[in-house]
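Student: Okay, handing you the structure first.
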């Protein structure tokens, strides 16, 4: 069964550094998402992406965050200057199309630790 | 805007017994979906079951079934014949047709041998 792949599984970085989290969505999917889960808290929506542009973003997704689909297969989340509070699990998800029956498939997540 | 509430932070069940996890939600959408996701210690998010709001029939997937009460905005998950591998965090989620999900805070399920 096709799956969403996220790399790395664990990323450790120093505060103030830039990080790029990578996702390879399922190949025929058109809608892409990033979610965040701070340890012990619920999963929060960050951003959705379609047709090479952001379709919706939450309040969490400020100017420090950006997303990109650089080559038609990868979908990346960049955090420009990481803060301690960015430490969380980041989930990528993808969906085939806008049909109501299509669900989001989640990757296994990237654990980001900001020191 | 959608909100999802899970009133049970923790639950436990004896192996082979049945447990029900509660979820209530609120949404202004007329068409929406409801989901239960399982998050084991590996922290991967795994879809357990989903329900289209326009369907009256409750969804079932093997040992997992839901009790969907649309008027009450309730969406509980029943796990029958609980197994040790069912131990995990369970998240209820509500998504509209744009499928921007809102997740509940989760219920940690322990399965006792």
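Residue numbers (our numbering), protein chains in the order written: chain V, 1 to 115; chain A, 1001 to 1113. For glycine and all other residues, C-beta sits at the position ideal for the given N, C-alpha and C. These numbers were taken from a predicted model, which means no experiment stands behind them.
#1: Which of the three DSSP states, helix, strand or coil, is assigned to residue 1095 (chain A)?
#2: Using a Cβ cut-off of 8 Å (strictly closer), state whether residue 65 (chain V) contacts chain A.
#3: Under 8 Å, Cβ to Cβ, is there at least one residue of chain A near residue 87 (chain V)?
#4: Against chain V, with Cβ distances strictly below 8 Å, would residue 1091 (chain A) count as a contact?
#5: Give me the chain A residues within the contact set of residue 103 (chain V), using Cβ-Cβ distance strictly less than 9 Å, ordered along the chain.
#6: Suppose only complete runs of 3+ residues qualify. What are the beta strand (DSSP E) ranges in the segment 1006-1092 of chain A, listed by chain order?
#7: DSSP on residue 30 (chain V), reduced to helix/strand/coil?
#8: Scan the segment 29-90 of chain V and note each continuous beta strand (DSSP E) run of 3 residues or more that stays entirely inside, going in chain order.
#9: Determine the chain A residues that contact residue 83 (chain V) at a beta-carbon separation under 7 Å, and present them in chain order.
#10: For the putative contact between residue 1053 (chain A) and residue 1031 (chain A), defined by C-beta atoms under 8 Å, what is the C-beta separation to the nearest angstrom?
#11: Given this structure, state the Cα-to-Cα distance separating residue 1106 (chain A) from residue 30 (chain V), to the nearest angstrom.
#12: When DSSP builds the beta bridges, which residues end up paired with residue 1108 (chain A)?
#13: Which residue from A:1043, A:1113 and A:1007 puts its Cα closest to that of residue 1077 (chain A)?
#14: By Cβ distance, which residues of its chain are closer than 7 Å to residue 15 (chain V), with the 5 residues on each side in sequence left out?
#15: Taking 8 Å as the threshold (C-beta atoms), are residue 1037 (chain A) and residue 1051 (chain A) in contact?
#16: Helix, strand or coil: which one does DSSP assign to residue 4 (chain V)?
#17: Using a beta-carbon distance below 8 Å, is residue 1113 (chain A) in contact with chain V?
#18: Give the DSSP-derived three-state secondary structure of residue 95 (chain V) in the structure shown.
#19: Got a sec? Which residues, its chain only, sit under 8 Å from residue 58 (chain V) by beta carbon, not counting five neighbours each side?
#20: Under the rule that 16 or more other beta-carbon atoms within 10 Å means buried, what is residue 1083 (chain A), buried or exposed?
#21: Taking the CB atoms as reference points, tell me whether residue 1111 (chain A) and residue 1004 (chain A) lie closer together than 8 Å.
Tutor: In brief:
#1: Position 95 of the second chain, counting from 1, holds the residue named residue 1095 (chain A). In this structure, residue 1095 (chain A) counts as strand in the three-state DSSP scheme.
#2: Start at 1 with the first residue of the first chain, and residue 65 (chain V) comes out as number 65. No, its Cβ sits nowhere closer than 8 Å to a Cβ of chain A.
#3: Taking the first chain and counting its residues from 1, one reaches residue 87 (chain V) at position 87. Among the residues facing chain A, residue 87 (chain V) is not included, as its CB has no counterpart in that chain under 8 Å away.
#4: Position 91 of the second chain, counted from the start, is the residue given in the question as residue 1091 (chain A). Yes, because at least one Cβ of chain V sits closer than 8 Å to the Cβ of residue 1091 (chain A).
#5: In the first chain, counting from the first residue as 1, residue 103 (chain V) sits at position 103. Per Cβ cutoff of 9 Å: 1033, 1035, 1047, 1050, 1095 and 1099.
#6: Within the segment 1006-1092 of chain A, the beta strand (DSSP E) runs of at least 3 residues that lie entirely inside it are, in chain order, 1010-1014, 1019-1021, 1024-1026, 1032-1039, 1046-1052, 1064-1069 and 1074-1079.
#7: For this step, residue 30 (chain V) is matched to residue 30 along the first chain. The answer is coil: DSSP assigns residue 30 (chain V) none of H, G, I, E or B.
#8: Within the segment 29-90 of chain V, complete beta strand (DSSP E) segments of at least 3 residues are found at 31-37, 43-50, 53-57, 65-68 and 75-79, given in chain order.
#9: Position 83 of the first chain, counting from 1, holds the residue named residue 83 (chain V). Residues of chain A with a Cβ closer than 7 Å to the Cβ of residue 83 (chain V) do not exist; the shortest Cβ-Cβ separation is about 21 Å.
#10: Stepping through the second chain from its first residue, residue 1053 (chain A) is reached at position 53. Stepping through the second chain from its first residue, residue 1031 (chain A) is reached at position 31. With a contact defined as Cβ atoms closer than 8 Å, residue 1053 (chain A) and residue 1031 (chain A) qualify at about 6 Å.
#11: Here residue 1106 (chain A) is taken as the residue at index 106 of the second chain, counted from 1. Here residue 30 (chain V) is taken as the residue at index 30 of the first chain, counted from 1. For residue 1106 (chain A) and residue 30 (chain V), the distance between alpha carbons rounds to 28 Å.
#12: Residue numbering aside, residue 1108 (chain A) sits at position 108 when the second chain is read from its first letter. For residue 1108 (chain A), which the question treats as bridged, DSSP gives the partners A:1010 and A:1089.
#13: In the second chain, residue 1077 (chain A) corresponds to position 77, counting from 1. Closest option to residue 1077 (chain A), Cα to Cα, is A:1007.
#14: The count along the first chain starts at 1 and reaches residue 15 (chain V) at position 15. Result list for residue 15 (chain V): 82, 83, 84, 114 and 115, in chain order.
#15: What you label residue 1051 (chain A) is simply residue 51 of the second chain in a count that begins at 1. What you label residue 1037 (chain A) is simply residue 37 of the second chain in a count that begins at 1. Contact flag unset, no.
#16: Locating residue 4 (chain V) in the first chain gives position 4, where the first residue counts as 1. The answer is coil: DSSP assigns residue 4 (chain V) none of H, G, I, E or B.
#17: Position 113 of the second chain holds residue 1113 (chain A). Closer than 8 Å to the CB of residue 1113 (chain A) there is not a single CB belonging to chain V.
#18: Start at 1 with the first residue of the first chain, and residue 95 (chain V) comes out as number 95. In the three-state reduction of the DSSP assignment, residue 95 (chain V) falls in the strand class.
#19: The sequence position of residue 58 (chain V) within the first chain is 58, counting from 1. Closer than 8 Å at Cβ, skipping near neighbours: 44, 45, 46 and 47.
#20: Against the second chain, residue 1083 (chain A) aligns to sequence position 83. Per the 10 Å Cβ criterion, exposed.
#21: Position 111 of the second chain holds residue 1111 (chain A). Position 4 of the second chain holds residue 1004 (chain A). No, these two residues do not count as a Cβ contact at 8 Å.
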